[in-house]
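Comments concern the structure below.
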Amino acid sequence: PQIGREGVSGLGTLLSGAYIELQPGNKGKDGKNHYQLLDAPPLAAPDAKGLRIVLDSEKSGQLNAGDPVLFRGYRVGSVETSYFDPKARAMRYQQFITAPYDQLVTTNVRFWKDSGVAFDMSAQGMRVEMGSLTTLFSGGVSFDVPDGWDRGEQAKEKAEYRLFDNQRSTQDSLYTVHKDYLLFFSDSVRGLQPGAPVEFRGIRLGTVAQVPFYKEGMAQRLDNDYRIPVLIRIEPDRLHKQLGDNVDIEAHLKDAESRGMRASMKSANLLTGSLYIDLDFYPQEKPWKGPRELFGYPLMPTTSGGLAQIQQKLMQTLDKIISMPSNPMIILRELQPVLRTLNEKSNALVFEAAGSNDPQPKKATK
């Protein structure tokens, strides 16, 4: 007997014992006498109409045989097999999409793991996603066409796709064209993670690629002037609506740098301490006179982030308080003008005698 997501099967073997079951196929040569014995019955009949595709993933245990395949929450197929490909060094999952839902699988669809309930705490904040009841306990895989993309052409038999961890990562995978920039920060990069957004006044321009970034030959002295390299990716496809098509992003950013644009780290989530890269204009900053390229990457000038500036101002204020004079004679000398003014104000109140029946003093009239 077998207990699966579809229920309990094979109860008849409790009485009859194990046996071999066969299902006639619609293809094959006459006189064939060698067949392959499967460990489990196939999920789809050999003559079932539909489409078989293969998903690739670098992680193991993502899917199991029998897991549902969903399109916008509606089940359209199942995972047939899962195995590890040693040549590709990746897991491969074969899926069967039943007809007529096989028409939904096109060249531009993206597949992602649907784990039922997903928690994510990143630079964008805390995100909780809950899938359908079908995948709440067992999981599954979902697919759809990304927003803003056309459907593409009909997928062919055994077409291969990549399996993403979640739906949000499918959107990030659309931006394959990018320009890398190297940044050096004197502030702490604790809280800045790969995948954090690069924004300009709230508009996302790219993604943090490596934190910290190191390359052979990149050596610094461990002193007060030590700067931490960070590699970011500016993705021009994100700027089509703002700058139009065929924009020279490198020339555009170079012109912005000459007008005071700098990169800084800012807090994205006070609860998690995550950071992101913010691009903005700082007119008070001095013109950038450093090198324009290092190790094959163009350099982007940086400045201290908001938290570092606040910390610096607090330290300056504390230094001023500590440096205040503590000599009593100096303090008394500083208080003399205050006491003199208080004495003049008190002398302005002249008390006049109002008789024994009215003991309260009155302000003198001019």
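All residue numbers for the sequence shown refer to the numbering used here, where the first residue is -8 and numbers rise by one.
Quick reminder that beta carbons are idealized off the backbone N, C-alpha and C, glycines included.
Beta-carbon separation (whole angstroms), residue i vs residue j, contact threshold 8 Å
{"i": "Val180", "j": "Val221", "result": "7 Å"}
{"i": "Arg253", "j": "Thr198", "result": "Contact flag wrong, Cβ pair sits at about 19 Å."}
{"i": "Pro289", "j": "Tyr172", "result": "6 Å"}
{"i": "Arg101", "j": "Tyr166", "result": "Not quite, the Cβ-Cβ distance comes to about 13 Å (not below 8 Å), so this is no contact."}
{"i": "Phe373", "j": "Ser51", "result": "Lying outside -8 to 357, the shown extent of the chain, residue 373 is not represented and no answer is given."}
{"i": "Lys60", "j": "Gly131", "result": "In the sequence as displayed, the identity of residue 60 is Val instead of Lys. That belief holds up - the Cβ atoms of Val60 and Gly131 are roughly 7 Å apart, short of 8 Å."}
{"i": "Gly251", "j": "Tyr273", "result": "5 Å"}
{"i": "Ser177", "j": "Arg218", "result": "5 Å"}
Those residues which DSSP pairs with residue i across a bridge
{"i": "Gln86", "result": "Ile44, Val70"}
{"i": "Phe155", "result": "Trp103"}
{"i": "Thr97", "result": "Gln145"}
{"i": "Asp76", "result": "Ala81"}
{"i": "Asp38", "result": "The partner list for Asp38 (beta bridge, DSSP) is empty, contrary to what the question assumes."}
{"i": "Thr294", "result": "Thr294 is not bridged to any residue."}
{"i": "Ala150", "result": "Ile44"}
{"i": "Gly131", "result": "Asp105"}
{"i": "Phe62", "result": "Tyr65"}
Per-residue burial, residue i [other beta carbons within 10 Å of its own, 16 or more giving buried]
{"i": "Tyr10", "result": "exposed"}
{"i": "Leu6", "result": "exposed"}
{"i": "Tyr84", "result": "buried"}
{"i": "Trp103", "result": "buried"}
{"i": "Ser314", "result": "exposed"}
{"i": "Glu226", "result": "buried"}
{"i": "Glu284", "result": "exposed"}
{"i": "Pro33", "result": "exposed"}
{"i": "Ala344", "result": "Note that Ala344 scores 45 on pLDDT, short of 50, meaning its location in the model is unreliable; the coordinates nonetheless yield the value given after this. With fewer than 16 Cβ atoms within 10 Å of its Cβ, Ala344 is classed as exposed."}
{"i": "Gly68", "result": "buried"}
{"i": "Glu248", "result": "buried"}
{"i": "Asn328", "result": "According to the sequence provided, residue 328 is Pro. The question's Asn does not apply to it. By the neighbour-count rule (16 or more Cβ atoms within 10 Å), Pro328 is not buried but exposed."}
{"i": "Leu330", "result": "exposed"}
{"i": "Lys259", "result": "The residue you asked about is not Lys; residue 259 is Ala in the sequence shown. Its Cβ being crowded by 16 or more others within 10 Å, Ala259 is buried."}
{"i": "Leu309", "result": "exposed"}
{"i": "Gly139", "result": "exposed"}
{"i": "Phe134", "result": "buried"}
{"i": "Gln145", "result": "exposed"}
{"i": "Val70", "result": "buried"}
Distance cut-off 6 Å: residue i Cβ against heavy atoms of the ligand FAD
{"i": "Pro203", "result": "This structure simply doesn't include the ligand FAD, nor any ligand for that matter."}
Notebook entry, point to check: Which ranges does the alpha helix (DSSP H) cover as unbroken runs of at least 4 residues, wholly within the stretch 209 to 291, from first to last along the chain?
Noted result: 231 to 234, 240 to 249
Checklist line | Unbroken stretches of the alpha helix (DSSP H), 4 residues or longer, contained in the stretch 164 to 202 | finding: none
Next item on the list: For the stretch 26 to 45 and the stretch 91 to 103, state whether three or more C-beta atom pairs, one from each stretch, are separated by less than 8 Å.
Entry: yes
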